[in-house]
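J.: Residue numbers (our numbering), protein chains in the order written: chain Z, 10 to 56; chain U, 62 to 288; chain E, 55 to 303. Each residue gets a CB set at the ideal place from its N, CA and C atoms; glycine is no exception. These numbers come from a predicted model, not from an experiment.
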Amino acid sequence: MSHTPFIVGAYLISAVVLFWAAIAPVVNKRSLLRQLKNRQTRMDKLQ
Amino acid sequence: MSKQATGTAFMALLRRDFLLAYRRRAELLQPLVFLLVVVTLFPLGVGPSPTLLANIAPGVIWIAALLATVLSLDSLFRSDFEDGTLEQMVLSGQSLALIALARTVAHWLVAGLPIVLLSPLLAMWMNLPDEGLLILIESLAIGTPVLSLIGAIGGALTVSLKRGGQLLSLLVFPLYVPLLILATSAVSSAVVDLPYTGQLGLMVAGLIASLTLAPFATAAALKLSLS
Amino acid sequence: MNPIFLFFHKTGSPPWFYKYSGKLIPWLWAVFLALTVYGLYLGLVVAPADYQQGESVRIMYLHVPSAWMSMMIYGLMAIMGFIALVWRIRIMEVLVISSAPVGAAFTIIALITGSLWGRPTWGTYWVWDARLTSELVLLFLYFGVIALYNAFDEPRKAARAASLMSIVGAINLPIIYFSVEWWNTLHQGSSMGSDGPGIHPSMLLPLLLMATATKFFYGANLLSRARLTLLKQDHRKRWVQDLLSKESH
Numbered sequence: 010m011s012h013t014p015f016i017v018g019a020y021l022i023s024a025v026v027l028f029w030a031a032i033a034p035v036v037n038k039r040s041l042l043r044q045l046k047n048r049q050t051r052m053d054k055l056q
Numbered sequence: 062m063s064k065q066a067t068g069t070a071f072m073a074l075l076r077r078d079f080l081l082a083y084r085r086r087a088e089l090l091q092p093l094v095f096l097l098v099v100v101t102l103f104p105l106g107v108g109p110s111p112t113l114l115a116n117i118a119p120g121v122i123w124i125a126a127l128l129a130t131v132l133s134l135d136s137l138f139r140s141d142f143e144d145g146t147l148e149q150m151v152l153s154g155q156s157l158a159l160i161a162l163a164r165t166v167a168h169w170l171v172a173g174l175p176i177v178l179l180s181p182l183l184a185m186w187m188n189l190p191d192e193g194l195l196i197l198i199e200s201l202a203i204g205t206p207v208l209s210l211i212g213a214i215g216g217a218l219t220v221s222l223k224r225g226g227q228l229l230s231l232l233v234f235p236l237y238v239p240l241l242i243l244a245t246s247a248v249s250s251a252v253v254d255l256p257y258t259g260q261l262g263l264m265v266a267g268l269i270a271s272l273t274l275a276p277f278a279t280a281a282a283l284k285l286s287l288s
Numbered sequence: 055m056n057p058i059f060l061f062f063h064k065t066g067s068p069p070w071f072y073k074y075s076g077k078l079i080p081w082l083w084a085v086f087l088a089l090t091v092y093g094l095y096l097g098l099v100v101a102p103a104d105y106q107q108g109e110s111v112r113i114m115y116l117h118v119p120s121a122w123m124s125m126m127i128y129g130l131m132a133i134m135g136f137i138a139l140v141w142r143i144r145i146m147e148v149l150v151i152s153s154a155p156v157g158a159a160f161t162i163i164a165l166i167t168g169s170l171w172g173r174p175t176w177g178t179y180w181v182w183d184a185r186l187t188s189e190l191v192l193l194f195l196y197f198g199v200i201a202l203y204n205a206f207d208e209p210r211k212a213a214r215a216a217s218l219m220s221i222v223g224a225i226n227l228p229i230i231y232f233s234v235e236w237w238n239t240l241h242q243g244s245s246m247g248s249d250g251p252g253i254h255p256s257m258l259l260p261l262l263l264m265a266t267a268t269k270f271f272y273g274a275n276l277l278s279r280a281r282l283t284l285l286k287q288d289h290r291k292r293w294v295q296d297l298l299s300k301e302s303h
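1. Cβ closer than 8 Å: which chain U residues qualify as neighbours of F194(E)?
2. Taking 7 Å as the limit between beta carbons, can you name the residues of its chain near L114(U), skipping five residues before and five after?
3. Count the other CB atoms within 10 Å of the CB of F86(E); is the residue buried (16 or more) or exposed (fewer)?
4. Drop a sphere of 10 angstroms on the beta-carbon of Q227(U), count the other beta-carbons inside from all chains shown, and report buried for 16 or more, exposed for fewer.
5. Alpha helix (DSSP H) containing V100(E): first to last residue?
6. What's the C-alpha gap between W237(E) and A184(E)?
7. What residues of chain Z sit near K211(E), judged by a beta carbon separation below 9 Å?
8. Ignoring anything shorter than 4 residues, give me the alpha helix (DSSP H) runs that lie fully in the stretch 163 to 251 of chain E, in order along the chain.
9. Considering only C-alpha positions, which residue in the set K73(E), P69(E), R279(E) and D104(E) is nearest to S256(E)?
10. In chain order, what residues of the same chain lie with their CB nearer than 7 Å to the CB of S271(U), ignoring the 5 residues before and after it?
11. For G108(E), does the three-state DSSP call read helix, strand or coil?
12. Hey, is the stretch 273 to 290 of chain E in contact with the stretch 143 to 152 of chain E, meaning 3+ C-beta pairs nearer than 8 Å?
13. Candidates V140(E), A205(E) and L165(E): which alpha carbon is nearest M125(E)'s?
14. DSSP on N188(U), reduced to helix/strand/coil?
15. Return the Cβ separation of E148(U) and L287(U) in integer angstroms, given the expectation that the two are a contact with Cβ distance under 8 Å.
16. So, does the CB of L104(U) fall closer than 8 Å to a CB anywhere in chain E?
17. By Cβ distance below 8 Å, which residues in the same chain neighbour L179(U) in space, the five residues on each side in sequence not counted?
18. What does V41(Z) touch in chain E if you count any residue whose Cβ is under 9 Å from its own?
19. So L82(E) and L263(E) are in contact, right, with Cβ under 8 Å, and what is the actual spacing, rounded?
20. List the residues of chain B that W236(E) touches, going by C-beta distances under 9 Å, in chain order.
21. Could you check what DSSP says for H63(E) in three-state terms: helix, strand or coil?
22. Can you say whether I225(E) is buried or exposed, counting buried as having 16 or more other CB atoms within 10 angstroms of its CB?
23. So is V220(U) buried or exposed if we call it buried at 16+ other beta carbons inside 10 Å?
24. Using a beta-carbon distance below 8 Å, is A158(E) in contact with chain U?
25. Taking C-alpha atoms, which residue in V100(U), T69(U) and T245(U) lies nearest to L197(U)?
26. Taking Cβ-Cβ distances below 9 Å as the criterion, which residues of the stretch 174 to 203 of chain E are in contact with chain U?
27. Specify, as a first and last residue, the run of the alpha helix (DSSP H) that G106(U) falls within.
28. Considering only the alpha carbon of each residue, which of V294(E), V191(E), S299(E) and Q107(E) lies closest to P68(E)?
29. Along chain E, in chain order, which residues have C-beta atoms closer than 9 Å to that of Q49(Z)?
30. Is there a C-beta anywhere in chain E that falls below 8 Å from the one on M7(Z)?
31. For P239(U), count neighbouring C-beta atoms within 10 Å of its own C-beta (all shown protein chains included) and say buried if the count is 16 or more, exposed if not.
32. In terms of alpha-carbon separation, which member of S11(Z), L27(Z), I22(Z) and T50(Z) lies closest to F270(E)?
33. Starting from F15(Z), find everything on chain E with Cβ-Cβ shorter than 8 Å and list it in chain order.
34. When you compare only the Cα positions, how much space is there between S245(E) and V156(E)?
35. Counting only C-beta atoms, is L55(Z) closer than 8 Å to chain E at any point?
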């Protein structure tokens with residue numbers, strides 16, 4: 010049995026999981042800042 | 062009520078349920094993790110002997126699925142009951158059975174379908190032979206909707222009770238017994254190359270029966286709980 | 055004033071932590087990438103295949119560092135959790151809860167790569183041996199901490215509960231491991247990845263490089279998540295407002 014698909018699979022899955030782990034806070038931070046900024050501009054408009 | 066309105070109402074309810082489910086997604090993952098943990102406990106409890114695990118695999122996986130489903134059923138109607146939405150739904154004039162069906166469909170999609178999808182992992186842990194895997198998935202695909210449909214009746218009956226959750230398990234487990242017996246028999250038979258289509262056929266019949274009858278029972282139960 | 059004391063005092067201040075961790079993060083990522091590229095080059099290209107296992111041994115360069123990280127991070131969570139509970143240091147609470155997803159990710163990688171390593175090498179995707187079972191239980195411990203944190207409405211209370219849970223879990227972990235090992239010998243289960251003869255030096259270097267690389271991944275990811283948590287918790291406070299108005303320019 011060829012070992013290659015297992016090796017490729019292992020590296021691929023590790024890459025995907027690590028990539029997700031690294032990206033998640035970045036994406037969430039951007040959307041959080043966007044949300045807060047929107048709220049801020051809304052508050053400023055009210056005043 | 063026109064047919065179009067009923068259809069739109071159904072979709073609207075489904076969409077709402079998905080939105081609510083998405084907001085509580087951490088909560089919904091818990092029964093699934095519970096599923097994984099329970100299955101893990103079995104080898105630890107009975108020993109890792111591959112033949113033993115393979116023998117009890119269909120039963121263990123199905124029992125874990127039952128337990129996980131019951132966990133997720135308790136909150137089926139509870140939050141809507143507590144904030145009065147349920148009452149509004151009853152008063153809305155829409156068919157309550159339809160509302161119950163929509164909620165049940167949403168429940169299956171977020172709680173039952175994941176169990177089906179996780180079953181290959183569980184089969185691997187419990188050493189289920191490859192011949193049984195497909196039948197296991199089929200049995201869960203047919204069976205978990207029935208779990209949701211019948212479970213919804215229990216959920217509706219206990220929604221107004223303070224300790225409803227415990228009572229819910231007591232109510233629905235006996236109702237689940239035929240399903241458990243048929244499903245595990247199907248998988249075990251498939252593993253040793255015995256016929257299993259009979260069992261699956263009966264399960265499909267059960268699915269059709271619950272699909273047509275259970276929503277009405279759930280509706281009646283909801284009206285009862287709200288009265 | 056004592057500079058060390060001053061340093062610790064400053065890191066306790068969220069805006070200070072936010073600012074300086076932000077500067078540190080790119081460097082951590084850079085080191086991680088450098089070590090990973092070099093380590094994988096050595097591991098995949100230069101190092102030989104194993105005499106017994108063949109090419110699949112190359113999975114080891116992912117599996118072993120991930121398993122080490124999964125345990126190290128949980129241990130760190132327990133230590134930081136202890137500090138957070140005893141001295142009520144908020145930044146420690148934030149670091150505990152920010153570590154959990156990273157630890158869980160490494161645990162998942164360890165489990166999956168271990169499974170994929172096992173199939174071509176020892177014939178099975180999964181076996182209930184001491185190490186794999188303990189690793190799986192560790193994953194459930196991580197899930198528990200994360201679920202516990204998410205269940206609370208109040209963030210500081212949630213973080214303290216998570217810290218307590220980490221400590222309890224960490225104390226239990228060796229006990230769990232030894233009991234599983236004992237259970238394993240009782241039932242004469244087979245072991246995946248036996249400790250064979252010592253590791254060949256040409257394989258040791260890439261392994262150590264990857265092990266070090268994962269630590270930098272943890273550092274960068276941890277700080278990244280900690281900053282996000284601070285923003286979320288402090289979004290009403292002045293320093294976040296100032297940050298927002300600065301960013302829009």
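T.: Quick answer:
1. The sequence position of residue 194(E) within the third sequence is 140, counting from 1. Result: V94, L97, V98 and T101.
2. Along the second sequence, read from residue 1 onward, the residue named residue 114(U) stands at position 53. Correct list, in chain order: P104, M187 and N188.
3. By 1-based counting over the third sequence, the position of residue 86(E) is 32. Buried is the call here.
4. One-based indexing of the second sequence puts residue 227(U) at position 166. Exposed, because fewer than 16 other Cβ atoms sit within 10 Å of the Cβ of Q227(U).
5. As a position in the third sequence, residue 100(E) is number 46, starting the count at 1. Segment: none, V100(E) is in no alpha helix (DSSP H) and carries neither H nor E.
6. Residue 237(E) sits at position 183 when you count from the first residue of the third sequence. Residue 184(E) sits at position 130 when you count from the first residue of the third sequence. Between W237(E) and A184(E), the C-alpha separation is close to 8 Å.
7. As a position in the third sequence, residue 211(E) is number 157, starting the count at 1. In chain order: nothing, as chain Z lies at least about 21 Å away.
8. 184 to 205 and 209 to 240
9. On the third sequence, position 202 is the one that residue 256(E) refers to. It is D104(E) whose Cα lies nearest to the Cα of S256(E).
10. If you number the second sequence from 1, residue 271(U) lands on position 210. Correct list, in chain order: V207, L210 and I211.
11. Within the third sequence, residue 108(E) is the residue found at index 54, counting from 1. It is a strand residue.
12. yes
13. Residue numbering aside, residue 125(E) sits at position 71 when the third sequence is read from its first letter. The residue with the shortest Cα to Cα distance from M125(E) is L165(E).
14. In the second sequence, residue 188(U) corresponds to position 127, counting from 1. Looking at N188(U) - three-state DSSP - the assignment turns out to be coil, as it is neither helix nor strand.
15. Mapped onto the second sequence, residue 148(U) falls at position 87. Mapped onto the second sequence, residue 287(U) falls at position 226. 6 Å between Cβ atoms; contact.
16. By one-based count along the second sequence, residue 104(U) stands at place 43. In the sequence on display, residue 104(U) carries Pro and not Leu. Chain E, which has a Cβ nearer than 8 Å to the Cβ of P104(U), makes this yes.
17. The residue you call residue 179(U) lines up with position 118 of the second sequence. Contacts found: L93, L96 and L97.
18. On the first sequence, residue 41(Z) is found 32 positions in, with the first residue counted as 1. It is Leu, not Val, that sits at residue 41(Z) in the sequence shown. Those are L282, L285, K286 and H289, listed as they occur along chain E.
19. What you label residue 82(E) is simply residue 28 of the third sequence in a count that begins at 1. What you label residue 263(E) is simply residue 209 of the third sequence in a count that begins at 1. Actually they are not in contact, since the Cβ atoms of L82(E) and L263(E) sit about 16 Å apart, beyond 8 Å.
20. Absent from the structure: chain B. Protein chains present are Z, U and E.
21. Working through the third sequence from its first residue, we reach residue 63(E) at position 9. H63(E): helix per DSSP, three-state reduction.
22. Here the question's residue 225(E) lines up with position 171 in the third sequence. Answer is exposed; the Cβ neighbour count stays below 16.
23. The sequence position of residue 220(U) within the second sequence is 159, counting from 1. Burial call: buried.
24. Here residue 158(E) refers to the residue found at position 104 of the third sequence. For A158(E), the answer is no, since every Cβ of chain U falls outside 8 Å of its Cβ.
25. Within the second sequence, residue 197(U) is the residue found at index 136, counting from 1. Out of V100(U), T69(U) and T245(U), T245(U) has the C-alpha closest to the C-alpha of L197(U).
26. T178, Y179, W180, V181, W182, D183, T187, L190, V191, L193, F194, F197, G198, I200 and A201
27. In the second sequence, residue 106(U) corresponds to position 45, counting from 1. Its alpha helix (DSSP H) spans residues R86 to V107.
28. For the purposes of this step, residue 68(E) is identified with residue 14 of the third sequence, where counting begins at 1. The option with the nearest alpha carbon to P68(E) is V294(E).
29. Residue mapping note: residue 49(Z) aligns to position 40 of the first sequence, counting from 1. By Cβ distance, chain E contributes Q295, L298, S299 and S302.
30. Here chain Z has residues from 10 to 56 only, and residue 7(Z) is not among them.
31. Numbered from its first residue, the second sequence carries residue 239(U) at position 178. Result: exposed.
32. As a first step, residue 270(E) must be located in the third sequence, where it is residue number 216. Comparing Cα positions, the closest option is L27(Z).
33. For this step, residue 15(Z) is matched to residue 6 along the first sequence. Ordered by position in chain E, the residues that pass the 8 Å Cβ test against F15(Z) are S110, I113, L170, W171, R173 and P174.
34. Mapped onto the third sequence, residue 245(E) falls at position 191. Mapped onto the third sequence, residue 156(E) falls at position 102. Residue confidence is low: S245(E) scores 49 on pLDDT, short of 50, so the model does not pin down where it sits. Its coordinate-derived value is still stated next. Rounded to the nearest angstrom, the two C-alpha atoms are 27 Å apart.
35. The residue labelled residue 55(Z) in the question sits at position 46 within the first sequence. Closer than 8 Å: no.
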